[in-house]
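Since the structure comes first, as structure tokens, the remarks are kept for the end.
Residue numbers (the numbering used here), protein chains in the order written: chain A, 88 to 187; chain B, 877 to 1046.
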């Protein structure tokens, strides 16, 4: 039986990689994928805790996380398409007209 | 005996694939590595006796969200993107932040104290099947959050159409 802390370490490793990708890449698609990585790390943690604590609520929460991630991906990619239509770039540093 | 070995393989593959996802220059390669990553995460869920979540992971993430990503990547012109640097100049700052987060959380895992186990033991879930147990809980105790989730998805559909549609010139 694999101990719970291994799953937690895997989860935080994936989360940290997502944080690093979000902070250091400027391609908007890669930034969105880093957010998906972080959400997946949280899901791994929730489902492993749910298994080891013998309570299904963690999996319900992971279910809602997946639903919100789907909504977030749809809205975010719609924004990317609108951005690409106006600016023809996926590099977020090029988009600086919206600072007020 | 075989279980730690398999877990080791999947954990190692997940970490390596996540690194590949965020370091590729071409977003198409990133999306394809992420597809492989999601299948590995689904197998981790199978370890945890969560076969419904594994199916959802493959269907929603690999089948839905990644296809959406792939469509958007193919819609845009990435030829100019390939010419500029992958990382921003201040990438060591991001690395320091991520490593600091990793170290702090790993140190705090040691002081984790598990709560007393709940009602859904592994034998009960196996006897009732996982999907049925999850569905019963979702449609009784968590009915209102479930309805709110459907509203969020409706907002996402409407919002995506409004944002992505071409403005008509009147």
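Where is the CB? At the ideal position from N, CA and C, for every residue including glycine. Nothing here was measured: the structure is a model prediction, and the numbers come from that model.
Scanning A:141, A:88, A:155 and A:121 for the CA closest to the CA of residue 1023 of chain B turns up A:155. Between residue 161 of chain A and residue 889 of chain B, the C-beta spacing is not below 7 Å.
Relative to the Cα of residue 896 of chain B, the nearest Cα in the group B:903, B:886 and B:909 belongs to B:909. For residue 113 of chain A, there is no enclosing alpha helix (DSSP H), since its DSSP letter is neither H nor E. Classified as exposed, residue 1004 of chain B has fewer than 16 neighbouring CB atoms from the shown chains inside 10 Å of its CB. With fewer than 16 other Cβ atoms inside 10 Å of its own Cβ, residue 1017 of chain B counts as exposed.
With a cutoff of 7 Å on beta-carbon distance, residue 140 of chain A and residue 991 of chain B are scored as near each other. Between residue 1013 of chain B and residue 143 of chain A the beta-carbon gap is near 5 Å, inside 8 Å, which marks them as a contact. A straight-line Cα-Cα distance of about 43 Å links residue 879 of chain B and residue 178 of chain A. Interface annotation for the region 113–142 of chain A against chain B: 113, 114, 116, 117, 119, 120, 121, 123, 124, 127, 128, 130, 131, 134, 135, 136, 137, 138, 139, 140, 141 and 142, criterion Cβ-Cβ distance under 9 Å. Closer than 7 Å to the CB of residue 92 of chain A there is at least one CB belonging to chain B.
Taking CB atoms only, residue 919 of chain B has no neighbour in chain A less than 7 Å away.
Look at residue 928 of chain B here: in three-state DSSP terms it is helix. Separation of residue 983 of chain B and residue 102 of chain A (C-alpha to C-alpha, rounded to the nearest whole angstrom) is 15 Å. Taking a Cβ-Cβ cut-off of 7 Å, residue 987 of chain B has no neighbours in chain A, whose nearest Cβ is about 11 Å from it.
In chain order, 914 place their CB closer than 7 Å to the CB of residue 937 of chain B, counting only its own chain and leaving out the 5 sequence neighbours on each side. Here residue 894 of chain B is buried. Its C-beta has 16 or more other C-beta atoms within 10 Å. Contacts with chain B at 7 Å (Cβ-Cβ) include residue 89 of chain A.
Per the coordinates, the alpha-carbon of residue 89 of chain A lies some 26 Å from the alpha-carbon of residue 976 of chain B.
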